[in-house]
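> Got a structure for you, written out below as structure tokens; questions coming shortly.
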Amino acid sequence: MLLSFFSLFSILILHLSYLFLSHINILHSFVDYIYSYAEALAGLRAINDVLALSDIKLTHLEPTLTDFNSVEKLNIAPFKFCIIKTADYIYSFSQKNESICILSARYSIENSIMLLSELSYYFRR
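Here the sequence shown is numbered in my numbering, starting from 19 and rising by one per residue.
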């Protein structure tokens, strides 16, 4: 009888530890997503400063993950992100571990200032 209680207790402990580790992994992936979203958003918020400081890759098609990986990351401490521009949209990309966030916005330029609208996003955790 004592052995059966011990085996039930051991099984319960194993299940609880598995649930705990699963919960921790979900929390880490969520934090990574929030961080990558914040970096991509920082790229869009600072777009006028970024345009003044560096050249942005211009493409005619919607960018792919390969395009973003080939572009040099811009750094506005503490955030790192990639910016790619098409004729109508600007894309901001960031990655933290396995989480990827891409924000896109339609833009127009008035008085040398880029105005953004129609924000949309893609993420993968």
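Note that the Cβ used here is the ideal one computed from N, Cα and C, for glycine as well.
Glu128 bridges to which residues according to DSSP?
What you label residue 128 is simply residue 110 of the sequence shown in a count that begins at 1. For Glu128, which the question treats as bridged, DSSP gives the partners Ile131.
> What are the complete beta strand (DSSP E) segments, minimum 3 residues, inside the segment 24-109?
Complete beta strand (DSSP E) runs here, min 3: 92-94 and 97-103.
> Is there contact between the segment 52-64 and the segment 91-98, where contact requires at least three CB pairs shorter than 8 Å?
Flag = yes, the segment 52-64 and the segment 91-98 touch.
> Are the CB atoms of Ser122 and Ser135 within a distance shorter than 7 Å?
Reading the sequence shown from its first residue, position 117 is the one you call residue 135. Reading the sequence shown from its first residue, position 104 is the one you call residue 122. Not a contact, by the Cβ cut-off of 7 Å.
> Candidates Ile52, Ser126 and Leu92: which alpha carbon is nearest Arg142's?
By 1-based counting over the sequence shown, the position of residue 142 is 124. Cα-wise, what sits closest to Arg142 is Ile52.
> Which same chain residues end up closer than 6 Å to Cys100 when comparing Cβ atoms and leaving out the 5 residues on each side of it in sequence?
The count along the sequence shown starts at 1 and reaches residue 100 at position 82. Around Cys100: Phe86, Val89, Lys91 and Phe111.
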